[in-house]
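Asker:
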Amino acid sequence: MSESEQRKIANLLNEHVVGCASAHQRLLVSLENLTDEQCRQDSLLPNWSRGHVLTHLARNADSHVNLLQSAVRGEVGKQYPSIEKRNADIESGSSRNASELVVDLRVSIYGLEAAWASANEKVWSGQGRNLGGNIIEISSLVFLRWREVEIHHADLGFGFGYDDLTDLYVRLELDQQIMLWRSRKPMGMTELPDIAKKLSPSQRLAWLMGRVVVDGLAKPEPL
Numbered sequence: 001m002s003e004s005e006q007r008k009i010a011n012l013l014n015e016h017v018v019g020c021a022s023a024h025q026r027l028l029v030s031l032e033n034l035t036d037e038q039c040r041q042d043s044l045l046p047n048w049s050r051g052h053v054l055t056h057l058a059r060n061a062d063s064h065v066n067l068l069q070s071a072v073r074g075e076v077g078k079q080y081p082s083i084e085k086r087n088a089d090i091e092s093g094s095s096r097n098a099s100e101l102v103v104d105l106r107v108s109i110y111g112l113e114a115a116w117a118s119a120n121e122k123v124w125s126g127q128g129r130n131l132g133g134n135i136i137e138i139s140s141l142v143f144l145r146w147r148e149v150e151i152h153h154a155d156l157g158f159g160f161g162y163d164d165l166t167d168l169y170v171r172l173e174l175d176q177q178i179m180l181w182r183s184r185k186p187m188g189m190t191e192l193p194d195i196a197k198k199l200s201p202s203q204r205l206a207w208l209m210g211r212v213v214v215d216g217l218a219k220p221e222p223l
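Residue 122 in the UniProt record's numbering sits at position 122 of the sequence shown, and the numbers go up by one each step.
1) On the DSSP bridge assignment, give the partners of Asp-42 in chain order.
2) Does DSSP put residue 232 in a helix, in a strand, or in coil?
3) How many Å lie between Lys-198 and Leu-205 at the Cα?
4) Can you give me the C-alpha to C-alpha distance between Pro-201 and Leu-174, rounded to a whole angstrom?
5) Please confirm whether Leu-68 and Ala-115 have their CB atoms less than 7 Å apart.
6) With a threshold of 7 Å on Cβ separation, who are the neighbours of Leu-105 within its own chain once the five nearest residues in sequence on each side are excluded?
7) Helix, strand or coil for Glu-84? Go by DSSP, reduced to three states.
8) For Asn-60, does the count of other Cβ atoms within 10 angstroms reach 16, so buried, or fall short, so exposed?
9) To which residues of the same chain is His-153 closer than 6 Å at the C-beta, ignoring the five residues directly before and after it?
10) Write down the C-beta distance between residue 224 and Ile-151 rounded to the nearest angstrom, noting that I regard them as a contact closer than 8 Å.
11) Determine the DSSP secondary structure at Lys-78, reduced to helix, strand or coil.
12) Could you tell me if Val-142 is buried or exposed, where buried requires 16 or more neighbouring beta carbons within 10 angstroms of its beta carbon?
13) Between Arg-147, Leu-34, Leu-165, which lies nearest to Ala-98 when the distance is taken from Cα to Cα?
14) Provide the residue span of the alpha helix (DSSP H) that contains Gly-128, from first to last.
15) Can the beta-carbon of Gln-177 be found closer than 7 Å to that of Leu-208?
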């Protein structure tokens, strides 16, 4: 890899770190007056309460720390021990009270940001395995975490909606999601529908990610 390519990757990584750290803070601010009752209420995700979403965000941060720590040792680590353990941890943590949920999330966020700060070039050039067992680049983790925070913040369903997603995140994510959408289409049918093109960028992204239903548009096929 050339020096200019290395600089480009480093600059992009810095951009992602700044964006995700800001998203972390917006999320924590929105939870300052969270009540126990609100934690028990449904999120916008099927079969998940807000307690489920917040627990998932905390355990997701921990899982990224696991991958980073493995990379420090020169190992290809696993994000989660198993799907069953990941799901069980979310379920068991979802019924905690608001204070416990928010403290857990805050601790996990700052643990992850500390792991970012201490990572060197060797760590960022490493690899890990995601929940599905697929190889992922450690350098991609920050954007993946940014996605989790932005989208699940909106999934909580109070005070922050899909139209409130960060402009830069929307722009970067749209590029990726449109490419994924096109990859699932037959040759010659890879142009977004006109209805989708007329949506705002944030609503177009929410549709592509299966978060909103738009009249006249079929639900995007799952990955």
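All residues carry an ideal CB built from backbone N, CA and C; glycine is no exception.
Answerer: In terms of the structure at hand:
1) Ser-49
2) With the chain covering 1 to 223 only, the question about residue 232 has no answer from this structure.
3) 12 Å
4) 8 Å
5) yes
6) Leu-54, Leu-57, Ala-58
7) helix
8) buried
9) Leu-27, Phe-160
10) There is no way to answer for residue 224, as the model of the chain reaches only from 1 to 223.
11) strand
12) buried
13) Leu-34
14) First-last for Gly-128: 127-129, but that is the beta strand (DSSP E), not the alpha helix (DSSP H).
15) yes
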